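Heads up: the structure comes next, in C-alpha cells.
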Amino acid sequence: MILPPVLFAGLAALFFFGMQRENPDALPSALEGRPAPAVQVTQLADKNPFKDSDLRDGGVKLVNYWASWCAPCRVEHPHLETLADQGITIYGVNYKDKPDNALKFLEELGDPYAALGADANGRMALDWGLYGVPETYVIDGKGQIVLRFAGPITEKVLESTILPAIEEARSR
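Per UniProt numbering, the sequence shown runs over residues 1 to 172.
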C-alpha cells in the first residue's frame with residue numbers, strides 16, 4: 001500500500017531534478033572538459049587527413065562529423081563555410097559514407113574543412129561518443145573538448161552555442 005506513493009515520489013523527484021539542468025534538451029557528454037579521443041581517420045581521395053597533433057596545435061578548432069546521406073548536414077553546411085571564412089579551423093570526419101558521394105557533396109556545397117578523413121566503419125565515432133550526424137565538437141588549443149553539439153548548426157545555434165564555446169576555448 002505504501003509502495004505506489006513511494007515509487008511515484010521517487011519518479012517525480014527524478015523528473016524534477018532532470019528539468020533543473022541548464023538545457024534539458026541537450027544530450028550529455030562525458031567528454032567535455034577532457035582531452036579529445038584519438039583521431040582514427042583514413043584518407044578520403046586526395047584530401048589531407050588530420051591527426052591527433054592537429055588538435056593540440058594551440059588554436060581553437062572544430063571537429064565536425066558529417067555524411068552525404070545526411071539531410072541536416074546540408075542544412076548546417078553554409079554555417080560551417082561561414083565559420084571557415086572567419087578563420088576557424090574545421091576538421092571534417094566523413095561518417096560511414098561512400099567516398100564518391102562524400103566528394104560530390106563537397107564539390108556541390110563547398111569544402112569548409114582544413115583537413116578531413118573518413119570514418120568508414122564508425123570506430124572513431126564510437127570513441128568520441130557520437131550520437132549521429134551532424135555532430136560538432138569545439139576543441140581548445142590544448143586539445144580539450146569545450147563543447148559537443150549534436151544536431152545541425154543553424155543560425156540560432158551558431159549565435160547561442162557555437163560562437164560562445166569558441167570564445168570560451170580561446171580564453172583558456
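Even for Gly, the Cβ is constructed at its ideal location relative to N, Cα and C. Small disclaimer: the values here were computed from a predicted structure and weren't measured.
Cα-Cα separation, residue i to residue j
i: G132; j: K61; result: 20 Å
i: V157; j: L3; result: 44 Å
i: K98; j: N121; result: 11 Å
i: P112; j: R172; result: 25 Å
i: L106; j: P78; result: 11 Å
i: R34; j: D140; result: 10 Å
Closer than 8 Å: residue i CB and nearest the ligand NAD heavy atom
i: R148; result: In the structure on display, the ligand NAD does not appear, and there are no ligands present to speak of.
Where the beta strand (DSSP E) containing residue i begins and where it ends
i: D119; result: A115 to D119
DSSP-derived helix/strand/coil call for residue i
i: W69; result: coil
i: R34; result: coil
i: T136; result: strand
i: K61; result: strand
i: T42; result: strand
Local Cβ density within 10 Å of residue i, reported as buried at 16 or more and exposed below that
i: S160; result: exposed
i: G92; result: buried
i: A67; result: buried
i: R170; result: exposed
i: M124; result: buried
Residue range of the unbroken alpha helix (DSSP H) whose run includes residue i
i: F105; result: P99 to L109
i: R170; result: L163 to S171
i: L126; result: R123 to W128
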